[in-house]
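>
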Amino acid sequence: MANIAYTIINDITNKKIDISNLYPIFQKLICIQSEKFLHWAISVYSRSEKAAYDAMKTIMRLPSISTLKSYINKSEKCSGW
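Using UniProt numbering, the first residue of the sequence shown is number 1, and each one after it goes up by one.
As structure tokens, this is what we get:
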């Protein structure tokens, strides 16, 4: 299996296989995954506030807290007009 993956990666890198028609699919997958990642980051921040989120930010790259807060405000349900 690893040999097959290695061969395919080399063929794509050397332009033997054209994947340009797959770009829209890749972009959609990235969009879906990034939205799931934002939801996960909001969940972590909401459950533990700043302490755990800051600790995780030292390990991995996470969105800023202001980005999370603006995303939370956009997705909150509001009544009225």
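Just so you know, even glycine gets a beta-carbon here, dropped at the ideal spot from N, CA and C.
Tell me whether Asn21 counts as near the ligand GDP, meaning its Cβ is closer than 6 angstroms to at least one heavy atom of that ligand.
Questions concerning the ligand GDP fall outside what the structure shown contains, since it holds no ligand whatsoever.
> Looking at C-alpha atoms only, which residue of Glu49, Ile59, Ala55, Met60 is the closest neighbour of Leu68?
Along the sequence shown, read from residue 1 onward, the residue named residue 68 stands at position 68. The option with the nearest alpha carbon to Leu68 is Glu49.
> For the alpha helix (DSSP H) containing Pro63, name the first residue and the last one.
Counted from its first residue, the sequence shown places residue 63 at position 63. Segment: none, Pro63 is in no alpha helix (DSSP H) and carries neither H nor E.
> Take Ile72 and list the residues in its own chain whose beta-carbon comes closer than 7 angstroms to its own, dropping the five residues that flank it on each side.
Against the sequence shown, residue 72 aligns to sequence position 72. Answer for Ile72: Ile42, listed in chain order.
> Give me the Cβ distance between Ile17 and Asp11, rounded to the nearest whole Å; I'm assuming they're in contact under 8 angstroms.
As a working mapping, residue 17 is identified with position 17 in the sequence shown. As a working mapping, residue 11 is identified with position 11 in the sequence shown. At roughly 5 angstroms, the Cβ-Cβ gap stays under 8 angstroms, so Ile17 and Asp11 are in contact.
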